[in-house]
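K.L.:
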Ligand code: SF4
């Protein structure tokens, strides 16, 4: 069995088992956890509207924070949109997703995907440099923040290397690319990357919390 | 049997002119996938080349390789090459049979000990006392070992001999294995494919004949001249792949326009062979040009790399049930954990109410 | 009724052919190589068998190069056709086997393809042969 056979076969199967097992475990566990009993008097009893609103208002910063957050917000968008384009609009990726989901849609030409990949990588590097240099970020970062950036960037980097046949033959690079994605699958449910699923419930909960206390946020 | 005349002498004896010889060298260079600038070097080497003895053993195989070779599209050039090698033993092509054939093999081995070229096609069964394939009362392994011992080099022709091929495909009922798994003390050169392109077989033999050495090999033992680039890298449909234009079925608009066959399972990106440039049947076409994706036949275990019609990026796992099971298990444990936490909290609350202190 | 007519077959004749886009780079290579024969006498050979072409593309390349003033046929090991293209200095050499199958087709960028000039050994052999003929001839005359 070659490295590529291993990556496309058993490694892929097991990483997917772990991905789905871990994601469901964490999602169900969190959603069913008992609500925090708040004995204080609510300023606002009907929090639903504010909760839903918060899910969306957090897509952009408040004007007051412009100076401190504009850069990282733009970088963040570049990274996330770039990643989404690469993951969801590269035809071989679409075929893989359609095998899992049965859904299918059109893709983009390869050079567009490469451009998106390059933007994603550059943005990830910028985020990492900021995390290393900004004193506040230094103070609130732990090893997992660095790991999350690394695990996200690795598949993009290896994918682009495979596409360009850099340093190695294509089958080996493809195997390394697939293995790096499998690493992402395995780590995804258990670390901070799970925000990709949790961002909605988290913002909703935060919205409810603030609303109850009468905070406009 | 071998004699002492050089190829140059033989060709001139047969009445070939100097221009004819240069033409022969040009065709040979092209066959060996060498650049035309090498023609003078080839001419010089062929002029001096001596006649090697070749013993050809066929084991677990379908004779597709011999069929392919004898249908080479440049019969004159190849017949000149083959006239010049002394094919001393070949099951399918030799006239002798039975004891006579075996005697010819033994005689050729003795006379050219240490110098002959051994060509093998077919895999070698290892299970159940190796009973699944035998010749003249010898198991394939015995014959392979015996002949390989006195060979200068071994050429494994076809995917069966090179990597096990169809006989070794899962579940491999005969325990088939391949030449380089068994012969480790001699140079082994692989010429895989199912079957190999005739020009690639004769080009490889021509290289040995011309230079007396084996050509440069890749990590899977294949001559780089022919297997140095992937089908995908030399595929004329590649521009469509880059533009994201794919045939979705074998008879849709895209298929008729000659778009890329990736979605229909083409394994060209991970297959190394010369089909895209050398092509088949006098350079007429090759599978992708005929509208069918590459099945990857020059790669080890190509039978077991998932469906021929499954896109490469889909992976080889087939585990919808497995994933559903994993997700179900995750959800169940999540529910159990949440419930457990809740009941512990409720108990704690109750205690707290009873005894707020 | 074979039922064949129920199979929906569309015959397409005017579809654009698949293009690798290899023609223009080859023409560029030829253009570049054309500066050599004039300056250094160096010639360049491009083996068309080593280049991927879509259906019809090779024919298009050859048609673009066109036919020039000279055409020669070599009769040895089957026929070989050597002709200059419409671009002087660019030659096409096609070797065929005695059965007529194509062995190789090369583009040669040179003033004279090497196959056209006589091998020096053939020249000296020719001189010897002619000398023999003349000796025999004069022997017969005097006899
Ligand atoms: S048809 Fe196959 S080899 Fe050709 S470009 Fe598409 S995927 Fe690559």
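Chains as they are written, first to last, in the working numbering: chain A, 1 to 217; chain B, 1 to 357; chain C, 1 to 143.
Cβ atoms here follow ideal geometry from the backbone N, Cα and C, with glycine treated the same way.
Go to residue 137 of chain C, then tell me how far its alpha helix (DSSP H) extends in each direction, as first and last residue.
P.N.:
Residue 137 of chain C sits at position 137 when you count from the first residue of the third chain. That run of the alpha helix (DSSP H) goes 120–142.
K.L.:
Does residue 145 of chain A come within less than 9 Å of chain B when only Cβ atoms are used?
P.N.:
Locating residue 145 of chain A in the first chain gives position 145, where the first residue counts as 1. Taking Cβ atoms only, chain B never reaches closer than 9 Å to residue 145 of chain A, which makes this a no.
K.L.:
Please classify residue 122 of chain C: is it buried, with 16 or more other beta-carbons within 10 angstroms of its beta-carbon, or exposed?
P.N.:
As a position in the third chain, residue 122 of chain C is number 122, starting the count at 1. Exposed, by the Cβ-count rule.
K.L.:
With a threshold of 8 Å (Cβ to nearest heavy atom), would residue 293 of chain B be considered close to ligand 1?
P.N.:
Within the second chain, residue 293 of chain B is the residue found at index 293, counting from 1. Checking the Cβ of residue 293 of chain B against ligand 1 gives yes.
K.L.:
Near residue 8 of chain B, what residues of its chain come up, given a Cβ to Cβ distance below 6 Å and the 5 sequence neighbours on each side ignored?
P.N.:
The residue given as residue 8 of chain B occupies position 8 in the second chain. Closer than 6 Å at the Cβ level, and outside the excluded window around residue 8 of chain B, lie 47.
K.L.:
Does the beta carbon of residue 232 of chain B fall short of 8 Å from some heavy atom of ligand 1?
P.N.:
By one-based count along the second chain, residue 232 of chain B stands at place 232. Yes, since a heavy atom of ligand 1 falls inside the 8 Å radius drawn around the Cβ of residue 232 of chain B.
K.L.:
What number of angstroms, rounded off, separates the C-alpha of residue 75 of chain B from the C-alpha of residue 98 of chain B?
P.N.:
Position 75 of the second chain, counted from the start, is the residue given in the question as residue 75 of chain B. Position 98 of the second chain, counted from the start, is the residue given in the question as residue 98 of chain B. Residue placement at residue 75 of chain B is poorly supported in this model, since its pLDDT is 49, which falls under 50; the coordinates still yield a value, given next. Rounded to whole angstroms, residue 75 of chain B to residue 98 of chain B spans 29 Å at the Cα level.
K.L.:
Touch check for the region 33–43 of chain B and the region 159–167 of chain B: three-plus C-beta pairs under 8 Å?
P.N.:
The region 33–43 of chain B vs the region 159–167 of chain B: no contact.
K.L.:
If you compare alpha carbons, which of B:264, B:200 and B:233 is closest to residue 171 of chain A?
P.N.:
Mapped onto the first chain, residue 171 of chain A falls at position 171. Out of B:264, B:200 and B:233, B:233 has the C-alpha closest to the C-alpha of residue 171 of chain A.
K.L.:
Tell me, which residues are paired with residue 107 of chain C by DSSP?
P.N.:
Translated into positions along the third chain, residue 107 of chain C becomes position 107. C:46 and C:92, per the DSSP bridge assignment.
K.L.:
If you measure from the beta carbon of residue 126 of chain C to each beta carbon in chain B, is any gap under 9 Å?
P.N.:
Counting from one through the third chain, the residue named residue 126 of chain C turns up at place 126. No, its Cβ sits nowhere closer than 9 Å to a Cβ of chain B.
K.L.:
Can you grab the Cα-Cα spacing for the pair residue 231 of chain B / residue 174 of chain A, in whole Å?
P.N.:
The residue given as residue 231 of chain B occupies position 231 in the second chain. The residue given as residue 174 of chain A occupies position 174 in the first chain. Going from the Cα of residue 231 of chain B to the Cα of residue 174 of chain A covers about 16 Å.
K.L.:
Is residue 178 of chain B close to ligand 1? I mean its beta-carbon at under 8 Å from any heavy atom of the ligand.
P.N.:
Counting from 1 along the second chain, the entry for residue 178 of chain B is found at position 178. Not under cutoff, so the answer is no.
K.L.:
Let me see if you follow: with CB-CB separation under 9 Å, is residue 13 of chain B close to chain C or not?
P.N.:
The residue given as residue 13 of chain B occupies position 13 in the second chain. Residue 13 of chain B does not count as touching chain C.
K.L.:
For a contact defined as C-beta to C-beta under 8 Å, what are the partners of residue 84 of chain A on chain B?
P.N.:
Here residue 84 of chain A is taken as the residue at index 84 of the first chain, counted from 1. None at all; the shortest Cβ gap to chain B is about 17 Å.
K.L.:
Do three or more CB pairs link the region 43–56 of chain A to the region 208–216 of chain A at distances below 8 Å?
P.N.:
The answer is yes - the region 208–216 of chain A touches the region 43–56 of chain A, with three or more Cβ pairs under 8 Å.
K.L.:
Where does residue 208 of chain B land, buried or exposed, given buried means 16+ other C-beta within 10 angstroms?
P.N.:
Your numbering for residue 208 of chain B matches position 208 in the second chain. The residue is buried, with at least 16 neighbouring Cβ atoms inside 10 Å.
K.L.:
Let me know the alpha helix (DSSP H) ranges lying completely inside the region 139–184 of chain A, each 4 residues or longer, listed in chain order.
P.N.:
143–164, all fully within the region 139–184 of chain A.
K.L.:
Can you tell me whether residue 79 of chain A is buried or exposed? The criterion is at least 16 other CB atoms within 10 Å of its CB, across all chains shown.
P.N.:
Counted from its first residue, the first chain places residue 79 of chain A at position 79. Answer is buried; the Cβ neighbour count reaches 16.
K.L.:
Could you name the residues of the region 23–45 of chain A whose beta carbon sits closer than 9 Å to any beta carbon of chain B, in the order they occur along the chain?
P.N.:
Those would be 23, 24, 25, 26, 27, 28, 29, 30, 31, 32, 33, 34 and 37, in chain order.
K.L.:
So if DSSP puts residue 246 of chain B in a beta bridge, which residue, or which two residues, is it bridged to?
P.N.:
The residue you call residue 246 of chain B lines up with position 246 of the second chain. Partner(s): B:260.
K.L.:
Along the chain, where does the beta strand (DSSP E) containing residue 128 of chain A start, and where does it finish?
P.N.:
Mapped onto the first chain, residue 128 of chain A falls at position 128. Here residue 128 of chain A belongs to no beta strand (DSSP E); instead the alpha helix (DSSP H) covers 110–133.
K.L.:
Express the C-alpha separation of residue 202 of chain B and residue 282 of chain B in angstroms, rounding to a whole number.
P.N.:
Reading the second chain from its first residue, position 282 is the one you call residue 282 of chain B. Reading the second chain from its first residue, position 202 is the one you call residue 202 of chain B. Going by the C-alpha atoms only, they are around 14 Å apart.
K.L.:
Determine whether the Cβ of residue 219 of chain B lies closer than 9 Å to any Cβ atom of chain A.
P.N.:
Taking the second chain and counting its residues from 1, one reaches residue 219 of chain B at position 219. Closer than 9 Å: yes.
K.L.:
Go through its chain and collect everything with a Cβ distance to residue 8 of chain A's Cβ below 7 Å, but skip five positions before and after it.
P.N.:
The sequence position of residue 8 of chain A within the first chain is 8, counting from 1. Same-chain partners within the cutoff: 178.
K.L.:
If you measure from the beta carbon of residue 96 of chain A to each beta carbon in chain B, is any gap under 9 Å?
P.N.:
Translated into the one-based positions of the first chain, residue 96 of chain A becomes position 96. Taking Cβ atoms only, chain B reaches closer than 9 Å to residue 96 of chain A, which makes this a yes.
K.L.:
Anything in the region 109–130 of chain A with a Cβ closer than 8 Å to a Cβ of chain B? List those residues in chain order, please.
P.N.:
So the list reads 109, 110 and 111, given in the order they occur along the chain.
K.L.:
By the three-class DSSP mapping on this structure, what secondary structure does residue 75 of chain B have?
P.N.:
As a first step, residue 75 of chain B is located in the second chain; it is residue number 75 there, counting from the start. Its pLDDT being 49, under 50, residue 75 of chain B is placed unreliably by the model, and the measurement read from it follows with that caveat. Helix at residue 75 of chain B.
K.L.:
Run through the region 59–86 of chain A for me and flag every whole beta strand (DSSP E) of 3 or more residues, listed as ranges in chain order.
P.N.:
You should have found no qualifying run.
K.L.:
Relative to chain A, which residues along the region 109–135 of chain B have a C-beta separation below 7 Å, given in chain order?
P.N.:
Going along the region 109–135 of chain B in chain order, one finds no residue with a Cβ nearer than 7 Å to chain A.
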